[in-house]
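Residues 6 to 746 (our numbering) are what the sequence shown spells out, left to right. We put the beta carbon where it would ideally sit given N, CA and C, even for glycine. These figures come from a predicted structure and were not determined experimentally.
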Amino acid sequence: MFKTVLVGLLCGAAVLTAGILLGHYAIEKINDFELDWMKDVSKDVDERLLDELLSKVDNKHIEENLRELTKFPHMATTTGDEKTVQLMLKRWQDPESGLDQAWREEYMVYLSFPDPDRPNTITVVNASNHVLHMAREKEKAYTTDQEDPAVVQPYAAYSPSGQVQGKLVYANYGTVYDYQRLSQKLNLTGTIAITRYGGAGRGDKAINAAPYGILGVLVYTDPFDINDGVMSDLNETYPHSWYMPPSGVERGSYASNYGDQLTPYLAAKEETYRIPEKDITGIPPIPIQPIGFEDAYVLICNLAGDEAPQFWQGGFNCTYNYGGPGFRESSHFYDSDVKMDIFNKGTVKNSSNVMGVIRGSVEPDRYVIYGNHRDSWVHGAIDPSSGTSVMLELTRVLGKTVKQGKWRPRRSIIFGSWGAEEFGLIGSTEFTEQYFTKLSERTVAYINVDVAVQGNASLRALGMPSLQNVIFTAAKQVKAPGADSMSVYDQWIQYSNRTSPVHGIIPRMGYLTGAGSDYAPFVHYLGITSLDLMYIYDRSKTNVRIYPAYHTAYDTFDYCSTFIDPGFYTHQAVAKTAGSILVRLADSLLLPINCSDYAESLEAYLSEAVKHYEDTLLKMNISMEPIKRSVANFRHAATRLEHVIQSSDLANETPLKVRKINDQLMLLDRAFLRPPAFPSQYRHVIWAPIEISLATFPSLSKAYYQAKSSGEASAWAPVHHLVSVMSQAIEGAAHMMLDVI
C-alpha cells in the first residue's frame, strides 16, 4: 500500500514538475512570440540599412541598363517594345536579384500609326500641281541609330488622314488667342496654318484651328524655343552639341484625353465595350503633321502679308509675316499652295505593362507604387529610358537585399513599367481603371520617375505639398553629382528656392497639375498622393523649353552619355534620392506625409485668389467666405492631428492607433475628389491643369476668366458653383484629419 502511494506521489511530482517546466518554457516562447510580433509591428525606417542600400546604387549599372534599352527603337507595341518587356521580366524574375513576383498585364488599346506603304508628305505645289518643295520625310542620319529601319517617320499620332491643300498662314503657337488675332487680319477659310511647338497642347493647335475653316496644320520646333537660336548642323547642333539639328522633328500624341481613347473609364481588355471611333473626343478634327525647322524656315521666310507682332517672332533670320494668305510675290513659291497628304491609321493593338512586387512584411495590403513608362518614340535614351535605367538599378539593389534575407519592407512595393505612355499615358491609366477600388483603398503614394535626367544643374520635384518633407529628407541624404560635399538638397536650394512662413528658405517644389506623365491617373483619377522627380539643366543659361532631342531620332545613348550625363553620376543621384523616398514611404512606422505643409499651400493659394478675385466676385454676389472658412478649418485640423502625432509614443501604441493615423494621412487627397463637379478626367479639385499663370487654384482661375471674358451675367453661375465645390472639398479633407465627423 505504502509502495503504491509512494509511486503515485513520485509520478504526480514528476507530472507537476514537467507541467511547471512545460508551462514556464511555453510562456517564454509565447512571450518571445509576442515580443517578436510587437517588434515587427512597431518597426520603423532603419537609417543604417537605408544608407547601406543607397551605397549599392551603381552608376555603371545604370549606364549599362541604358545601353541595353537603347539598342533599338521601342515604340509601343512594336518588336522593339516586346524586347523591352522581355528584358524587364528577365530582370525582375532573376532568382538572385529579382522581385517576389513579376508579370505582364495586357491591354488592347487604340493607337495611331503612319502607313509605311504611303508615307505622309508635305509639299509646295503650283497651279499646275508641280512640286516646288517637299519637306523631308525622315530625319537626317548622323549615326547608325538614325538609319535603323524601325525609326518611325515623324508624324502626329491621332491626326486624321486626309489630303488637303491651301494657302499658308502663320499662327504662332496655335492658341485660341493666336487664331483669334490671325482671323482679325485674314480670312482663314481654306488655308493651311503653320504653328510652332509650345503655348498650347499638340492636338489643340488643330482643334483651335478648325472653327476658322482652316484645312490642316503644320507644327515645327522653332530654334528660338529649343536651340537658343542656333541652327547649323555644321558646328552648332547635334552631333556637335545637345541642340536639335535642322531636320529634327518632335513626334507626339495629339490626343487631349489620356488613357485608351475607345474605353474611357474602363480597362481596355479584349472583351471591353468600345465606343465608336467617330465618338472619340479631344483629337484633331483636321490633318496635322510635324516637320523640321529646316523646312519651316523655307516656308515661313517666304510668307507674304503684314509683319507679325514681336512676340510672334522666332529664331529664323527673317521676318515672320502672317501670310497673304500665301507666299510673297517675289518668292519662287508665289501663288502656290501647301499640300498635306496624311495617311495615318488607327488600330487596336496589344500593349503590355510589366508589373513587379516586393511584398510587405507587416502591412502587405498597403502599397507604395513606383512607376516609369517603357515605350519611346524612337530609341528614347532620355525619354523614358533614363527613368527605366534608374528603376532597374533600384529593383536590383532592393531585390537582391530581399533575396538575401537582409530586409523586407513594412509595406508592399509595386513597380510598374507602363506601356504606350507616349500615346497618352495609356498603360498607367488602364492599370488604375482595372484596379480602381483596390488602388483607391490601399495605395499610400505613387512615385514617378519618367525622364530621370535632362541636365545636371539641380533636382526638380513636383508633388503634393504633404510629401515636401520626405523629399527634402531624401535630398539631404544624397550627395549631389559632381560635388565633393554638397548634397542634392544644398544644390537644389541654391538653384531654386522660396521663403516659407514656417520653414524659412527652402527648395521650391512644383505641383502635379496637368497630365505631363504617368502620375496623372493616380492624382486626378484616384486622388493618390504622388510625386515626380528628375534632374534638370540650368535654365539661367538656356531658354530651351525641354531638352532639344526630345521625341526625335537623336535621343540616343550617344546623345545622353555625351551631352546630358557623362559618367551617369546624375542618374545615380536621382536613383538614390528616389530610392530613399521609396524606402521611407514603405518602411516608416508613421507615414512621412505632412498635413501642415498642405495647409500652407492652400493658404498661399487662397491669399492669391482673394487678392485677385474677391472684389469682382463680391460685385457678382459671390462670397469667398466659404473657401476662407474651409481653409482655416483645414489648418486647425492639420494642427490638431500633428499634436496627436507628436504627443503619442507610436512605437508603443496599439497597432490600430498607428493604422488609424496612417489611414487619415493616406486618404487625405481622396477627399479632394469631386467627380460630379468635374465630368472630365480631372477630378482633383486642387490640382487641376493650369491655364492661367497665377499661383492660385487653377480651376477657379479658369472659371473666373471665362466668366469675365464672356461679359454675360449668367457666366458667373459656374464660378459660384465652383466656389461651393472647392469649399466643401477642402472642408471634407479637413474632416479626414479628425477622429469622427
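| said: Give me the residue from F562, N64, G519 with the minimum Cα distance to M396. | reply: Per the Cα distances, N64.
| request: Output the distance between the C-alpha atoms of K88 and E68, rounded to the nearest integer angstrom. | output: Answer to the nearest angstrom: the Cα atoms are 18 Å apart.
| request: Quick one: grab the DSSP three-state call for G429. | output: If DSSP states are grouped into helix, strand and coil, G429 belongs with coil.
| query | Can you name the start and end residues of the alpha helix (DSSP H) that P228 belongs to? | reply | Unbroken alpha helix (DSSP H) run through P228: 228–231.
| request: Could you pull the start and end residues of the alpha helix (DSSP H) that A722 belongs to? | output: Segment 722–741, the alpha helix (DSSP H) holding A722.
| query | Would you report the Cα separation of T437 and Y530, rounded to the nearest angstrom? | reply | Taken atom to atom, the span from the alpha-carbon of T437 to that of Y530 is near 8 Å.
| task | Quick one: residues in its chain with C-beta nearer than 8 Å to the C-beta of G28, no 5 flanking neighbours on either side, listed in chain order? | result | Summary for G28: the model assigns pLDDT 49, below 50, so the residue's position carries little reliability, and this model does not support an answer.
| request: Could you please give me the residues that DSSP links to D537 through a beta bridge? | output: According to DSSP, D537 bridges with N453, L467.
| message | Using a Cβ-Cβ cutoff of less than 6 Å, which residues in the same chain neighbour T434 once the five nearest sequence positions on both sides are dropped? | response | Y263, G264, P526.
| As assigned by DSSP and simplified to three states, the class of G404 | In the structure shown, G404 sits in a helix (DSSP, three-state: H, G or I).
| Taking three-plus beta-carbon pairs below 8 Å as touching, is the segment 108–128 in contact with the segment 155–170? | These segments touch.
| said: For a test of the three-state rule: what should DSSP assign to K713, helix, strand or coil? | reply: Correct three-state label for K713: helix.
| said: Could you give the first and the last residue of the continuous beta strand (DSSP E) run that contains D56? | reply: Where D56 is concerned, there is no enclosing beta strand (DSSP E), although the alpha helix (DSSP H) it sits in stretches over 52–60.
| said: Check for me: the beta strand (DSSP E) holding W97 runs from which residue to which? | reply: Here W97 belongs to no beta strand (DSSP E); instead the alpha helix (DSSP H) covers 84–97.
| task | Buried or exposed for L517, please, with buried defined as at least 16 other CB atoms from any protein chain shown within 10 angstroms of its CB. | result | Buried, since its Cβ has 16 or more Cβ neighbours within 10 Å.
| message | Out of E736, K616, L74, V46, which one is the CA nearest neighbour of S394? | response | Answer by Cα proximity: L74.
| task | Measuring alpha carbon to alpha carbon, tell me which of D99, I231, S258 ends up nearest S246. | result | Nearest to S246 by C-alpha distance, out of D99, I231, S258, is I231.
| Rounded straight-line distance, which links the Cα of I691 to that of F702 | CA-to-CA, the gap between F702 and I691 works out to about 6 Å.
| Proximity to N453 [Cα-Cα], best of H556, I374, P681, V724 | Selected option, being the one with the closest Cα: I374.
| said: When you compare the CB positions of R538 and A609, do they come within less than 8 Å of one another, or not? | reply: Per the sequence shown, the amino acid found at residue 538 is Leu instead of Arg. Contact: no.
| query | Is L191 closer than 8 Å to Y339 when the C-beta atoms are compared? | reply | Between Y339 and L191, the C-beta spacing is not below 8 Å.
| L655 vs L594 beta-carbon contact at 8 Å | In this structure, L594 lies closer than 8 Å to L655 by Cβ.
| For R72, which residues from the same chain have a beta carbon less than 6 Å from its beta carbon, with the 5 sequence-adjacent residues on both sides left out? | Within the same chain, R72 has close Cβ partners F562.
| field | For H529, the first and last residue of its enclosing beta strand (DSSP E) | value | That residue, H529, is in no beta strand (DSSP E); it is neither H nor E in DSSP.
| Excluding the five sequence neighbours on either side, which residues of its own chain have a C-beta within less than 7 Å of the C-beta of E101, listed in chain order? | Answer for E101: K405, K408, listed in chain order.
| request: Return the bridge partner residues of L655 from the DSSP annotation. | output: Paired residues: none, contrary to the question.
| task | Could you tell me which residues DSSP pairs with E276 in its beta bridges? | result | Within the DSSP secondary-structure output, E276 pairs in no beta bridge.
| message | Short of 7 Å in beta carbon distance, which residues of its chain neighbour F639, apart from the five on each side in sequence? Order them along the chain. | response | Sequence-distant Cβ neighbours of F639 in its own chain, meaning closer than 7 Å and more than five residues away, are A604, L607, I735, A738, A739.
| request: Give me the Cα-Cα distance between A81 and I285, rounded to the nearest whole angstrom. | output: Each residue's Cα considered, the two are about 21 Å apart.
| task | Go through its chain and collect everything with a Cβ distance to A708's Cβ below 8 Å, but skip five positions before and after it. | result | The answer, listed in chain order, is P723, V724, L727.
| message | With a threshold of 7 Å on Cβ separation, who are the neighbours of G519 within its own chain once the five nearest residues in sequence on each side are excluded? | response | These residues qualify, in order along the chain: P694, I695.
| query | Between G331, Y524, I127, which lies nearest to G432 when the distance is taken from Cα to Cα? | reply | Relative to the Cα of G432, the nearest Cα in the group G331, Y524, I127 belongs to Y524.
| task | Round the Cβ separation of R309 and Y325 to the nearest angstrom and send it over; I've been treating them as touching at under 8 Å. | result | Contrary to the premise, residue 309 reads as Ala rather than Arg in this sequence. In fact, because the Cβ distance is near 12 Å, the residues do not count as touching under 8 Å.
| message | Using the Cβ count rule (16 or more neighbours within 10 Å means buried), how would you classify V507? | response | Classification of V507: exposed, given that the 10 Å Cβ count is below 16.
| query | Between the segment 453–466 and the segment 497–505, do at least 3 Cβ pairs fall closer than 8 Å? | reply | Yes, since at least three Cβ pairs between the segment 453–466 and the segment 497–505 fall closer than 8 Å, the two stretches touch.
| said: My assumption, with CB atoms under 8 Å, is that H556 sits in contact with E255. Please give the rounded CB distance. | reply: Right, their Cβ atoms sit about 4 Å apart.
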